[in-house]
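Q: The opening position of the sequence shown corresponds to residue 63 in the numbering used here, with each subsequent residue numbered one higher.
The beta carbon of each residue, even a glycine, is placed where N, CA and C say it ideally should be.
Predicted model only: the values in this text are computed from it and were never measured.
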Amino acid sequence: MSDTLRVVVCGYLVRGPLGGLAWHHLQYVLGLHRMGHDVVFVEDSDDYESCYDPRTDSLGADPAFGLTFAADALGRLGLGEHWTYYDEHAGRWHGPLADGATERLSSADVLLDVSGVNPTRPWWAGIPVRALIDTDPAFTQLRHLDDEAAAARAGAHTHFFTFAENAGHDAALPDDGLPWQPTRQPVVLDAWAVTDGAAAGPWTTVMQWDSYAERRRDGVAYGMKSRSFDDYLDLPKRVPRARLELAVGAPEPARDLLSEHGWRVLNPLEAIPSPWDYQRFVRASKGEFSVAKHGYVISRSGWFSERTAGYLASGRPAVVQDTGFSRWLPSGSGVLAFTSVDEAAAAIEAVDADYAGHCRAAREIAAEHFAHEMVLGRLLDEALR
63 MSDTLRVVVC GYLVRGPLGG LAWHHLQYVL GLHRMGHDVV FVEDSDDYES CYDPRTDSLG
123 ADPAFGLTFA ADALGRLGLG EHWTYYDEHA GRWHGPLADG ATERLSSADV LLDVSGVNPT
183 RPWWAGIPVR ALIDTDPAFT QLRHLDDEAA AARAGAHTHF FTFAENAGHD AALPDDGLPW
243 QPTRQPVVLD AWAVTDGAAA GPWTTVMQWD SYAERRRDGV AYGMKSRSFD DYLDLPKRVP
303 RARLELAVGA PEPARDLLSE HGWRVLNPLE AIPSPWDYQR FVRASKGEFS VAKHGYVISR
363 SGWFSERTAG YLASGRPAVV QDTGFSRWLP SGSGVLAFTS VDEAAAAIEA VDADYAGHCR
423 AAREIAAEHF AHEMVLGRLL DEALR
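1. Kindly indicate which three-state DSSP category Arg279 falls into: helix, strand or coil?
2. How is the beta strand (DSSP E) around Gly122 delimited, first residue to last?
3. Would you please state the rounded distance, in angstroms, between the beta carbons of Ala428 and Leu374? I believe it to be under 8 angstroms.
4. Look at Ala212 and His206 and say whether their C-beta atoms are less than 8 angstroms apart.
5. How long is the line joining the alpha carbons of Gly285 and Asp161, rounded to whole angstroms?
6. From Gln448 to Trp85, what does the alpha carbon distance come to, in whole angstroms?
7. Can you tell me which of Ala424, Leu441, Val327, His156 puts its alpha carbon nearest to the alpha carbon of Ala255?
8. Identify whether Pro244 lies in helix, strand or coil by the three-state DSSP scheme.
9. Taking the alpha-carbon positions, what's the Arg154 to Tyr148 distance?
10. Beta-carbon within less than 6 angstroms of Leu92's beta-carbon, same chain only, minus the 5 sequence neighbours each way: which residues are those?
11. With a threshold of 16 other CB atoms inside 10 Å of the CB of His231, please say whether the residue is buried or exposed.
12. Return the chain-ordered list of same chain residues with a C-beta closer than 7 angstroms to the C-beta of Thr182, the five sequence neighbours on each side being excluded.
13. In the DSSP assignment, find the alpha helix (DSSP H) that holds Asp208 and state where it starts and stops.
14. With a Cβ-Cβ cutoff of 8 angstroms, do Phe366 and Phe351 count as a contact?
15. Identify the continuous beta strand (DSSP E) that holds Val397 and give its terminal residues.
16. Could you tell me if Tyr114 is buried or exposed, where buried requires 16 or more neighbouring beta carbons within 10 angstroms of its beta carbon?
17. Could you give the DSSP three-state label for Gly73: helix, strand or coil?
18. Per DSSP, what kind of secondary structure is Glu143 in: helix, strand or coil?
19. Ignore the nearest five residues each way along the sequence and tell me which others in Asp198's own chain have a CB closer than 6 angstroms to its CB.
20. For a quick check, are the C-beta atoms of Lys348 and Trp265 less than 8 angstroms apart?
21. Does Ile360 come out as helix, strand or coil in the three-state DSSP assignment?
22. Could you check whether Gly78 and Phe103 sit closer than 8 angstroms to each other, using their CB atoms as the reference points?
23. Whole angstroms is fine: what's the gap from Glu307's alpha carbon to Leu297's?
24. Have a look at Leu80 and Ser112 and give me their C-alpha separation to the nearest angstrom.
25. Going by DSSP, what residue range makes up the alpha helix (DSSP H) through Met269?
26. Give the straight-line distance between the Cα atoms of Ser177 and Leu88, rounded to the nearest whole angstrom.
27. What's the gap between the Cα of Pro190 and the Cα of Val71?
28. By the 10 Å Cβ neighbour count, where 16 or more other Cβ atoms means buried, how is Arg345 classified, buried or exposed?
29. Do the region 271-290 and the region 433-440 meet, that is, are 3 or more Cβ pairs less than 8 angstroms apart?
30. Pick helix, strand or coil for Ala407, following the three-state DSSP scheme.
31. Run through DSSP, which three-state label would Ser64 get?
32. Got a sec? Which residues, its chain only, sit under 8 angstroms from Gly45 by beta carbon, not counting five neighbours each side?
33. Quick check on Ala193: does DSSP put it in helix, strand or coil?
34. If you draw a straight line from the C-alpha of Ala380 to the C-alpha of Ala283, how long is it?
35. Report the partner residues of Gly349 according to the DSSP bridge assignment.
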């Protein structure tokens, strides 16, 4: 697009100051900025104690740690003057755009509500295009069906995009009545350094064992990664030469279970506290091995991880559970989809047989399918049509 737009990106940095999660939101802001748009990142405390502090592993109302985290992350990307945070508990705005924030934000052309994790506020109403980006398909739709308040918040938007890329094809998403259009994670490629592959490194991923409770509707269970992992616990025995590491947020019994089955278990709060630590973690990896949330798989959503996109951009191959994404993304070189433990083991061995080739293919797939200019350009075109 040639015209400069005033774009507000609503996301989750101050309340979720985590090294890996941060990139999911940062790439929207950085990508739009690189495209020449006048972009502002805005976050809202919501009306409950929602600020996570990784130092104490607790939630509270004080945003101090997250404000420092966000200022550093955005500042290092050249976006230090492009953000603000509203603290409902104190009734004040923070950040470089705090003065006159509501007036500036309400005059925007487009609002991109990434993951739908910010509450609707009166200043939203003046923005003509308000796009909700669903990054948690199946579970987002279930929330809208089960929670009237969540459905009302969604209904405040004008456009609806989802990481369920098979929406409109063979995805079996719960029907919440909203006109979802497919989208995917944008990646600012030059923010991800490509280094020589770590052939002797571990296969890694970053994950939550249980993000929240399993959901059920119309006789269908939509589970977490803990349910998906049942079939893959013994993978280390299938590929004894591979090193398999998980930076996993999980209760002690789950961590013990994984260790007993040969997985090396890391604490993500220690291993990847900042966005830059996360990138170093990815570059030190041979590649990514990961299952997907059971709900993504059972719904054949076509969801593809924003985390995996970062591995690909770094030139690291990914062996990842197929959610139906193999319908639209090439699989077999750089990205290897699996649906069983036998396929997962075979994919890891296939990467070993031509590691350099798979590393090259990974970066090529990132450039062809996730480059921010293409993803965000298409999203804005659809929203403004």
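A: Let me spell this out:
1. Locating residue 279 in the sequence shown gives position 217, where the first residue counts as 1. In this structure, Arg279 counts as strand in the three-state DSSP scheme.
2. Taking the sequence shown and counting its residues from 1, one reaches residue 122 at position 60. Unbroken beta strand (DSSP E) run through Gly122: 120-122.
3. Stepping through the sequence shown from its first residue, residue 428 is reached at position 366. Stepping through the sequence shown from its first residue, residue 374 is reached at position 312. That belief holds up - the Cβ atoms of Ala428 and Leu374 are roughly 4 angstroms apart, short of 8 angstroms.
4. Within the sequence shown, the letter at position 150 stands for residue 212. Within the sequence shown, the letter at position 144 stands for residue 206. Against a cut-off of 8 angstroms, the Cβ pair of His206 and Ala212 comes out as a contact.
5. If you number the sequence shown from 1, residue 285 lands on position 223. If you number the sequence shown from 1, residue 161 lands on position 99. Answer to the nearest angstrom: the Cα atoms are 44 angstroms apart.
6. Because the chain is modelled from 63 through 447, residue 448 falls outside the range shown and cannot be assessed.
7. In the sequence shown, the residue the question calls residue 255 occupies position 193. Checking every option, the nearest Cα to that of Ala255 belongs to Ala424.
8. For the purposes of this step, residue 244 is identified with residue 182 of the sequence shown, where counting begins at 1. Residue state, collapsed to three classes: strand.
9. Locating residue 154 in the sequence shown gives position 92, counting from the first residue. Locating residue 148 in the sequence shown gives position 86, counting from the first residue. Rounded to whole angstroms, Arg154 to Tyr148 spans 6 angstroms at the Cα level.
10. The residue labelled residue 92 in the question sits at position 30 within the sequence shown. Taken in chain order, the residues that qualify are Leu139, Val250.
11. For the purposes of this step, residue 231 is taken as the residue at position 169 of the sequence shown. Label assigned to His231: exposed.
12. The residue labelled residue 182 in the question sits at position 120 within the sequence shown. Closer than 7 angstroms at the Cβ level, and outside the excluded window around Thr182, lie Arg215, Ala218.
13. As a working mapping, residue 208 is identified with position 146 in the sequence shown. Element bounds for Asp208: 201-208.
14. Counting from 1 along the sequence shown, the entry for residue 366 is found at position 304. Counting from 1 along the sequence shown, the entry for residue 351 is found at position 289. No. Outside cutoff.
15. The residue labelled residue 397 in the question sits at position 335 within the sequence shown. Start and end: 397-400.
16. One-based indexing of the sequence shown puts residue 114 at position 52. Label assigned to Tyr114: buried.
17. Within the sequence shown, the letter at position 11 stands for residue 73. Note: Gly73 maps to coil in three-state DSSP.
18. Counting from one through the sequence shown, the residue named residue 143 turns up at place 81. The answer is coil: DSSP assigns Glu143 none of H, G, I, E or B.
19. Counted from its first residue, the sequence shown places residue 198 at position 136. Closer than 6 angstroms at Cβ, skipping near neighbours: no residue.
20. The residue given as residue 348 occupies position 286 in the sequence shown. The residue given as residue 265 occupies position 203 in the sequence shown. Cβ distance < 8 angstroms, so Lys348 and Trp265 count as in contact.
21. Residue mapping note: residue 360 aligns to position 298 of the sequence shown, counting from 1. Correct three-state label for Ile360: helix.
22. Position 41 of the sequence shown, counted from the start, is the residue given in the question as residue 103. Position 16 of the sequence shown, counted from the start, is the residue given in the question as residue 78. Against a cut-off of 8 angstroms, the Cβ pair of Gly78 and Phe103 comes out as no contact.
23. Residue mapping note: residue 307 aligns to position 245 of the sequence shown, counting from 1. Residue mapping note: residue 297 aligns to position 235 of the sequence shown, counting from 1. Taking the straight line joining both Cα atoms gives about 12 angstroms.
24. For the purposes of this step, residue 80 is identified with residue 18 of the sequence shown, where counting begins at 1. For the purposes of this step, residue 112 is identified with residue 50 of the sequence shown, where counting begins at 1. When rounded, the distance between both Cα atoms is 14 angstroms.
25. The residue given as residue 269 occupies position 207 in the sequence shown. Where Met269 is concerned, there is no enclosing alpha helix (DSSP H), although the beta strand (DSSP E) it sits in stretches over 268-270.
26. The count along the sequence shown starts at 1 and reaches residue 177 at position 115. The count along the sequence shown starts at 1 and reaches residue 88 at position 26. Approximately 13 angstroms between the Cα atoms of the pair.
27. In the sequence shown, the residue the question calls residue 190 occupies position 128. In the sequence shown, the residue the question calls residue 71 occupies position 9. Near 14 angstroms, if we compare the C-alpha coordinates of Val71 and Pro190.
28. Position 283 of the sequence shown, counting from 1, holds the residue named residue 345. Arg345 comes out buried.
29. no
30. Counted from its first residue, the sequence shown places residue 407 at position 345. Helix at Ala407.
31. To locate residue 64, count along the sequence shown from 1; it is residue 2. Bear in mind that the predicted position of Ser64 carries a pLDDT of just 44, short of 50, making it too unreliable to give a figure here.
32. Coverage of the chain is limited to positions 63 through 447, which leaves residue 45 absent and any answer about it impossible.
33. Taking the first residue of the sequence shown as 1, we reach residue 193 at position 131. Strand at Ala193.
34. Position 318 of the sequence shown holds residue 380. Position 221 of the sequence shown holds residue 283. For Ala380 and Ala283, the distance between alpha carbons rounds to 27 angstroms.
35. What you label residue 349 is simply residue 287 of the sequence shown in a count that begins at 1. According to DSSP, which records beta bridges pairwise, Gly349 is partnered with Trp265.
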